[in-house]
Structures are given as C-alpha cells and as structure tokens.
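Asker: Those protein sequences? They're chains A and B, same order as listed.
Note that this note's numbering has the first sequence beginning at 4, numbered continuously upward.
Note that this note's numbering has the second sequence beginning at 217, numbered continuously upward.
What follows is a single structure, and I will ask about it in a moment.
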Amino acid sequence: MSQIELKSVDYCYSLGEGRSIKALKNLSFSIEKGQFVTLAGMNGSGKSTLAKLLNGLFLPSLGEVLIDGVSTKDENSTFEIRRKAGMVFQNPDNQMVATIIEDDVAFGPENIGLPREEIIERVDYALKAVDMDEFRTRTASKLSGGQKQRVAIAGVLAIRPEILILDEATSMLDPKGRREVMGIAKKLNEQGITVINITHNMEEAVLSDRIIVLRKGRIAIDAPPKDAFASGLIEACGLSLPPVLQLAENLKKDGFEFDNQILFEDELAEGVCRQLN
Amino acid sequence: MSAIELKHLTFVYSKKTPFEKRALDDINLSVEEGTFLGVIGETGSGKSTLIQHLNGLIKVQDKKVSSVIVNGLSATDKKALKNLRFEVGIVFQYPEYQLFEDSVKKDVAFGPKNMKLSPEEIDARVRRALEVVGLDYDEFAERSPFELSGGEKRRVAIAGVIAMEPKILVLDEPVAGLDPAGRAEILALIKQLQKDVSPTIIMVSHNMDDIAVLADRIIAMHDGRIELDGTPEEVFCNREKIAEIGLDLPLATRLRDKLVERGVNLPDGIVTPKQLETALANLKSGGLNERGDDNV
C-alpha cells in the first residue's frame, strides 16, 4: 500500500451562481513512504490545490485521496490525517501563533492534549531537528525569514508527522534562508519523513527523487529530475531548466558534448574540462 | 549632475534604547543619471533603509551631518519633499499587496491624482502606464485588481508607480515569488522601463545572476556600510569580501573558478553565462584566449 494515493481526483472551485472552475482534472498517482517529491508548475497550475487535498484541508470533488489507505473524506480520520501530513506555507510571518519560539512549537502538541512532559520532549526534539534549539526562549519577531520557516517546520515536527508538505516555503526567503530550509528538508527526508516540496525553483527540484509537474490541472511530467529535464517539456509547462543545465545546453551549440544530463556545477565543470584538455 | 547624491548618511533605529541598531553608517554615494544600479546585501544589511531615504519615506535623522539630494532636490527641505516623492518611484517587495482600489484604472490613477494633474492628463498617464507594463487598457481598466493572476497584479502595481513618470525608479526584489515565466516578463519589462520612462534604475535583489546581467554598477552592503562598489566584474572579482559579507557569486563566476581549479585558462571578470559561453567557445575552437564581449 502506498503512503499517498490519488484515484481519479477532480477538484472544482465554486465561483457562485452555479459556475465553477476545475483546478484539478482526473489525477491519479501515488507516493511511497520516504520519497522526496518536487511538485512543480506555473502559477495557477493547481499545485497548491493539490497540496491542500493531501491533508484533507480540501476534499476532492470527484475521486479519492487515500493516506495509508484511509480516505480524506472519512470524517473520523481527519484528525489523524492532519497529524500525518503537516504543512508549512509560503509567508514566514503568517505562521507564528506565539511570541516565544518554544511556545510556538508547543502549540500543536498542546492542542492534541499531550501531557506536559511529552510536550517538553517533543519541543526539544523538534527544535533540535531544525537547528533552532539555542533560540528557544527568544522572540519570533527577531528571527530571519529562514529561521522563521525552520520554526514553522519544528511546529509541524512536534506533531510527529510522517509527511512534510512545503507549500512554496522558500519563495520569500533569501538564498541563505532557502539553503537552510532545503538542508533541513533533506535531513528530515533521510530520517524517513516523506517530503513534498512545492516550488517553481528547479534548483531545489534537483535535490528530489522525483518531479511531478502539473499543467492546467493535469500531470504533464512525472519522472526523476534528470529524465524530467531531458523530457523537453519543462519550458512548455511554464518552468525553466536549472541555470547549470541551461548553460550546458548553450555550450552544446558551441560544440561541447555532454553524455549525461548535467545537474550540478561540478558535473558541468568536469565535462567541460575533459573536452578542453 | 548626479541623479542621486548621498553624503554622510547615517540612520539609527530605536535610538537610545536597548534595541538600538545602526542601519546606515556614514553612507556616501553618488549615482549618475542613466545608471542601472544593483544593490546587494544580506537581509538586515541596510538596503531597505537606504532606498526609503531616496524619496523621503524615511527622514534624514541628523540634518547637520547627513544630506540626501535627488535631482537637485534636498530631502531635508520640506518644500521639496512633495516633488521628491514624484521624482523617485519605489516599487516595494510584493507590491501587489498594496493594491486597494476596486478597479485597475483607479488603482493606477492614485499616484497621478495626488500630483494634482488634470483629469485628461491622469487618463492619458493611466493608459500609457498600462500599455508600458503590457496590460491592454480595454481588457483590464475596469476589472478588479484582486481577480488578476499574480504576475498581472504585480504589473498593475508597477504601473501605479510609473504612472507618476518618476525619473528614478527603485525596485525592491521585483521578481520575488514569481514563477519563471513571470520573472522573465518582469525583468524584460524593467529593461524597457529604463528606455521609456525612468532613465535611472535602482534594483535590490538577492539574485546575483539577475544583477550581474542587468546592472552597470553594483553596491554591496553589509552592516549599514557600502563594502563594495563597482561594475559587476569588479565587484564579483572580490571573492573574499563577497563571502565575508554573506553573499554568493553568480553562477558563471562560480563555474569559471571551478574550471580554473581544473587547469582551464580563463580570464577573471566572468559574471554572466554569456561571457562564460563566449570564453569557452573561444577555447574550444582553439581561437585566441581573448576576453568575451561584455554584452548582456
């Protein structure tokens, strides 16, 4: 059984007066436990809608979303599904509920009514996992964007999720903040948490096992990064190749040849070097 | 005459409290008209405080020591302040959050109205501004800004600033949060605005690749001071300083360095992909190892 399974899912937004827009059309796919998946697509492609379907914030208009075999439509399981799939959103300033960082992280465990010792233990674990332990008694307003997003991730981790969904969680951060958040996501993934990173930054996509690209509410690409970039479909989906790969493509016009798809700077440097020396 | 002349500009937040922070520390800067100035620096380095001084949104703290003069207007002269606001247009981060009117037309007209222009002139400016940002007047004028896409909203917000036809246009992270298609559109638009509306452009960005391609001159800020100032080639040659103040090199420069480490003979001063491609193509064809042209 897959951890996440979508079966012929449609999602429609109502516009009132009986009119609606279909944001997702007949989506079927599954995600296995422990995968690091990039969910990409241009603005309006349906990727954030899809993310909200994964933890039951939205329910499918048609079809089913199953988490560990349980449908998100099953009202008795809503709580359990939200615990399993935690989300971090785009704006670091919109997700803080408390002034002091450890209080913010404790908000989730308090809400599920855990005993005090357990809350303390979980806050400890979560803040250590995102390398924010030394900030625990500080005020959230003094943090950088990257640090705020790490605290937001800690807030999710304190609920002991099995799936971490980052909904454009890096798009408002500077490069340093972006690296911090992606580094944490990668580390958590190595510890077994499934990560679904929603982004249109293809440099982040390089870090994942698999890229799912949505276009007009349908899946246009579903492949490992190298194959996705080689598909020739990335640009047609309103995305762009990672800058390193773009450069490699341009160098091919100048007579350079690369046998493998280039994803990393060192690969490109090696490839170019071999052909010059 | 310089478009912008800053002398000994210092600004301290929360002065005389435990939270005192020196956001600008004795900044001296002169920018010629027609310059595309890139401003880089980590979050908290003073970039935003600097740009908000340019049109008087932040008042000069110590008028005896500091001066801000923009196109001959002094920011410390109360009478000049109103004109200064029209001289320098600032497009803030996520400007679409600042849209507030119920139609695109009214939102873009807000600035020109404040300039007390005639209704005909206001209408003409709204039409021109929407045309420049690539939004069809007949299609968009009466629509609510809130039902537009992210990229369209940002265009409306930019139109609202350029409808005042500022000689100096300041953009703070203008492509943050946009998808690749939106980014490319807005960056091309900014180049066009420099030709059509505002000859002097100041762009704040964390993206070194964008800045390296677009700017003629870059200032790198750290702790309220200008640590580096020069052409992109000059600024990004200073690798130790760039690293020390927490910034990245452009991709082309990083790759150039990786190639040089591996024994490839490449000149310094490669900051754009085009420059790197040209240099490598020359090496490949066995041509003279000469410097690629600087064009963008």
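Note that beta-carbon positions come from the ideal geometry of N, C-alpha and C, so glycine has one too.
Examine the Cβ distances between the stretch 354–368 of chain B and the stretch 296–303 of chain B and report whether three or more of them are shorter than 8 angstroms.
Answerer: The answer is no - the stretch 296–303 of chain B does not touch the stretch 354–368 of chain B, with fewer than three Cβ pairs under 8 angstroms.
Asker: My assumption, with CB atoms under 8 angstroms, is that B:Ala296 sits in contact with B:Glu249. Please give the rounded CB distance.
Answerer: By 1-based counting over the second sequence, the position of residue 296 of chain B is 80. By 1-based counting over the second sequence, the position of residue 249 of chain B is 33. Actually they are not in contact, since the Cβ atoms of B:Ala296 and B:Glu249 sit about 18 angstroms apart, beyond 8 angstroms.
Asker: Around the C-beta of A:Thr142, are 16 or more other C-beta atoms found within 10 angstroms, so that it is buried, or is it exposed?
Answerer: Numbered from 1 along the first sequence, position 139 holds the residue referred to as residue 142 of chain A. With fewer than 16 other CB atoms across the displayed protein chains lying within 10 angstroms of its CB, A:Thr142 is exposed.
Asker: Are A:Ala231 and A:Val216 close, meaning C-beta to C-beta below 8 angstroms?
Answerer: In the first sequence, residue 231 of chain A corresponds to position 228, counting from 1. In the first sequence, residue 216 of chain A corresponds to position 213, counting from 1. Contact flag set, yes.
Asker: Determine the DSSP secondary structure at B:Asn423, reduced to helix, strand or coil.
Answerer: For the purposes of this step, residue 423 of chain B is taken as residue 207 along the second sequence, with counting starting at 1. The answer is coil: DSSP assigns B:Asn423 none of H, G, I, E or B.
Asker: Please return the same chain residues whose Cβ sits closer than 7 angstroms to the Cβ of A:Glu211, not counting the five positions on each side in sequence.
Answerer: Indexing the first sequence from 1 puts residue 211 of chain A at position 208. The residue you asked about is not Glu; residue 211 of chain A is Ser in the sequence shown. Excluding the 5 residues flanking it on each side, A:Ser211 has same chain C-beta neighbours closer than 7 angstroms at Phe39, Val40, Thr41, Asn200, Pro228, in chain order.
Asker: Give the single residue among B:Met380, B:Gly350, B:Gly393 whose Cα lies nearest to the Cα of B:Lys332.
Answerer: As a working mapping, residue 332 of chain B is identified with position 116 in the second sequence. Closest option to B:Lys332, Cα to Cα, is B:Met380.
Asker: What residue from B:Leu253, B:Asp241, B:Ala373, B:Glu449 has the CA that sits closest to B:Arg433's CA?
Answerer: Against the second sequence, residue 433 of chain B aligns to sequence position 217. Of the candidates B:Leu253, B:Asp241, B:Ala373, B:Glu449, the one whose C-alpha sits nearest the C-alpha of B:Arg433 is B:Leu253.
Asker: Select from A:Val184, A:Asn263, A:Arg181, A:Pro246 the residue whose C-alpha is nearest the C-alpha of B:Glu493.
Answerer: Position 277 of the second sequence, counted from the start, is the residue given in the question as residue 493 of chain B. The candidate whose alpha carbon is nearest that of B:Glu493 is A:Pro246.
Asker: Which residues in the same chain have their Cβ closer than 6 angstroms to the Cβ of B:Ala428, if we skip the five residues on either side of it in sequence?
Answerer: Looking up residue 428 of chain B in the second sequence gives position 212. Result list for B:Ala428: Pro448, Pro466, Val487, Thr488, in chain order.
Asker: Chain B partners of A:Phe259, CB-CB under 8 angstroms?
Answerer: For the purposes of this step, residue 259 of chain A is taken as the residue at position 256 of the first sequence. Those within 8 angstroms of A:Phe259 in chain B are Leu496, Lys500.
Asker: What does the Cβ neighbour count give for A:Arg119, buried or exposed, with the cut at 16 atoms within 10 Å?
Answerer: Numbered from 1 along the first sequence, position 116 holds the residue referred to as residue 119 of chain A. Exposed: under 16 other Cβ atoms inside 10 Å.
Asker: Among A:Thr52, A:Glu273, A:Lys256, whose alpha-carbon lies nearest the alpha-carbon of A:Asn263?
Answerer: Working through the first sequence from its first residue, we reach residue 263 of chain A at position 260. For the residues A:Thr52, A:Glu273, A:Lys256, the minimum Cα distance to A:Asn263 belongs to A:Glu273.
Asker: Alpha carbon to alpha carbon, how far is A:Ala88 from A:Ser17?
Answerer: The residue given as residue 88 of chain A occupies position 85 in the first sequence. The residue given as residue 17 of chain A occupies position 14 in the first sequence. Approximately 26 angstroms, taken between the alpha carbons.
Asker: Whole angstroms are fine: how far does the CA of B:Leu387 sit from the CA of B:Val372?
Answerer: In the second sequence, counting from the first residue as 1, residue 372 of chain B sits at position 156. In the second sequence, counting from the first residue as 1, residue 387 of chain B sits at position 171. Each residue's alpha carbon lies about 14 angstroms from the other.
Asker: Where DSSP assigns a beta bridge to B:Glu185, which residues make up the other side?
Answerer: Only positions 217 to 512 of chain B appear in this structure, which leaves residue 185 of chain B out of reach.
Asker: Within 10 angstroms of the Cβ of A:Gly21, are there 16 or more other Cβ atoms? Answer buried if so, exposed if not.
Answerer: Locating residue 21 of chain A in the first sequence gives position 18, where the first residue counts as 1. That one is exposed.
Asker: Anything in chain B within Cβ reach of A:Asp177, meaning under 8 angstroms, just list it in chain order.
Answerer: Numbered from its first residue, the first sequence carries residue 177 of chain A at position 174. The contacting residues are Glu258, Thr259, His422.
Asker: Would the stretch 109–117 of chain A and the stretch 47–62 of chain A be scored as touching if the rule is three or more Cβ pairs under 8 angstroms?
Answerer: no
Asker: Compare the Cα-Cα distances from A:Ser174 to each of A:Tyr128, A:Met135, A:Asn94, A:Val68 and report the closest residue.
Answerer: Position 171 of the first sequence, counted from the start, is the residue given in the question as residue 174 of chain A. The shortest C-alpha separation from A:Ser174 is found at A:Asn94.
Asker: Under 6 angstroms Cβ to Cβ from B:Glu317, same chain only, skipping five residues before and after it: list those, please.
Answerer: Sequence index remark: in the second sequence, residue 317 of chain B carries index 101 (1-based). Only Asp323 meet the Cβ criterion.
Asker: Does B:Val276 have its Cβ less than 8 angstroms from a Cβ in chain A?
Answerer: Within the second sequence, the letter at position 60 stands for residue 276 of chain B. Output row for B:Val276: interface = no.
Asker: When the Cα atoms are used, what is the spatial distance from A:Ile168 to A:Lys189?
Answerer: Here residue 168 of chain A refers to the residue found at position 165 of the first sequence. Here residue 189 of chain A refers to the residue found at position 186 of the first sequence. About 13 angstroms.
Asker: Against chain B, does A:Ser51 count as a neighbour if the rule is that its beta carbon must be under 8 angstroms from one of theirs?
Answerer: Start at 1 with the first residue of the first sequence, and residue 51 of chain A comes out as number 48. No, because no Cβ of chain B sits closer than 8 angstroms to the Cβ of A:Ser51.
Asker: CB A:Gly132 to CB A:Leu176, shorter than 8 angstroms?
Answerer: Against the first sequence, residue 132 of chain A aligns to sequence position 129. Against the first sequence, residue 176 of chain A aligns to sequence position 173. Sequence check: residue 132 of chain A is Ala here, not Gly. No, these two residues do not count as a Cβ contact at 8 angstroms.
Asker: Shorter than 7 angstroms, the distance from the beta carbon of A:Asp106 to the closest heavy atom of the ligand GTP, or not?
Answerer: This structure does not include the ligand GTP; it has no bound ligands of any sort.
Asker: From A:Thr202 to A:Ala54, what does the alpha carbon distance come to, in whole angstroms?
Answerer: Numbered from its first residue, the first sequence carries residue 202 of chain A at position 199. Numbered from its first residue, the first sequence carries residue 54 of chain A at position 51. Between the C-alpha atoms of A:Thr202 and A:Ala54 there is a straight-line separation of about 11 angstroms.
Asker: B:Asp395 CB to nearest chain A CB: under 8 angstroms?
Answerer: On the second sequence, residue 395 of chain B is found 179 positions in, with the first residue counted as 1. Under the Cβ distance rule, B:Asp395 counts among the residues neighbouring chain A, one pair being separated by less than 8 angstroms.
Asker: Tell me which residue opens and which closes the alpha helix (DSSP H) that B:Lys329 is part of.
Answerer: In the second sequence, the residue the question calls residue 329 of chain B occupies position 113. Here the alpha helix (DSSP H) through B:Lys329 covers 320–330.
Asker: Using a Cβ-Cβ cut-off of less than 8 angstroms, give me the residues of the stretch 364–394 of chain B that come near chain A, in sequence order.
Answerer: Listed by position along the chain: Ser365, Gly366, Gly367, Ala392, Gly393, Leu394.
Asker: Going by beta carbon distance, what residues of the same chain come within less than 8 angstroms of B:Ala357, once the five residues before and after it are set aside?
Answerer: Looking up residue 357 of chain B in the second sequence gives position 141. Answer for B:Ala357: Ser319, Val320, Lys321, Val342, Leu346, listed in chain order.
Asker: Roughly how many whole angstroms lie between the Cα atoms of B:Asn271 and B:Val284?
Answerer: Here residue 271 of chain B refers to the residue found at position 55 when the second sequence is read from its first residue. Here residue 284 of chain B refers to the residue found at position 68 when the second sequence is read from its first residue. Looking at the two C-alpha atoms, the distance is approximately 9 angstroms.
Asker: Less than 8 angstroms between the CB atoms is what I'm expecting for A:Met45 and A:Leu242, so what's the real figure, rounded?
Answerer: Position 42 of the first sequence, counted from the first residue, corresponds to residue 45 of chain A. Position 239 of the first sequence, counted from the first residue, corresponds to residue 242 of chain A. A:Met45 to A:Leu242, Cβ: 7 angstroms. Contact.
Asker: Taking C-beta to C-beta, are B:Glu389 and B:Val349 nearer than 8 angstroms?
Answerer: Taking the first residue of the second sequence as position 1, residue 389 of chain B is located at position 173. Taking the first residue of the second sequence as position 1, residue 349 of chain B is located at position 133. Not closer than 8 angstroms, so no.
Asker: Measure the CB-CB distance between B:Leu385 and B:Leu409 and report whether it falls below 8 angstroms.
Answerer: Against the second sequence, residue 385 of chain B aligns to sequence position 169. Against the second sequence, residue 409 of chain B aligns to sequence position 193. A Cβ-Cβ contact shorter than 8 angstroms links B:Leu385 with B:Leu409.
Asker: Do we get a CB-CB distance below 8 angstroms when we pair B:Asp352 with the residues of chain A?
Answerer: Residue mapping note: residue 352 of chain B aligns to position 136 of the second sequence, counting from 1. For B:Asp352, the answer is no, since every Cβ of chain A falls outside 8 angstroms of its Cβ.
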